[in-house]
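Q: Each residue of the sequence shown is one higher than the one before, starting from 1 at the first, in the working numbering. Every residue gets a Cβ at the ideal spot worked out from N, C-alpha and C, and that includes glycine. This is the structure I have questions about; it appears just below.
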Amino acid sequence: MSSSQSDLARMMRIFEQVEAQGSGLPRVSRKQKRAAARSALKQARAEQRETERAVQLLEKGKRP
């Protein structure tokens with residue numbers, strides 16, 4: 001299983017755990033959960049890339 005597939009599976013389990021705790025939200029389909037997990041992972045990766053870019057820019061600025 002690729003890392004993106006395992007990340008997606010992990011997010012699905014988290015959503016299922018939250019749902020099992022009785023969050024009071026209406027139940028959603030597996031398709032909706034996958035879409036939400038995919039969206040959350042995409043956002044997290046974008047934020048990670050942005051942070052890495054900022055670090056690289058800071059490191060370039062420190063060089064003499």
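1) Quick one: is ALA20 buried, meaning 16 or more other Cβ sit within 10 Å of its Cβ, or exposed?
2) Relative to the alpha-carbon of GLU16, which residue among GLN32, GLN56, SER2, SER4 has its alpha-carbon at the smallest distance?
3) Which two residues bound the contiguous alpha helix (DSSP H) that contains ARG27?
4) Can the beta-carbon of LEU8 be found less than 7 angstroms from the beta-carbon of ALA37?
5) Excluding the 5 residues preceding and the 5 following LEU57 in the sequence, name in chain order all residues of the same chain whose CB lies nearer than 8 angstroms to its CB.
A: Looking at the atomic coordinates:
1) The residue you call residue 20 lines up with position 20 of the sequence shown. Exposed is the call here.
2) Here residue 16 corresponds to residue number 16 of the sequence shown, with the count starting at 1. Closest by alpha carbon: GLN32.
3) Indexing the sequence shown from 1 puts residue 27 at position 27. No alpha helix (DSSP H) holds ARG27; DSSP gives it neither H nor E.
4) The sequence position of residue 8 within the sequence shown is 8, counting from 1. The sequence position of residue 37 within the sequence shown is 37, counting from 1. Cβ atoms of LEU8 and ALA37: closer than 7 angstroms.
5) Reading the sequence shown from its first residue, position 57 is the one you call residue 57. Hits under 8 angstroms: none found.
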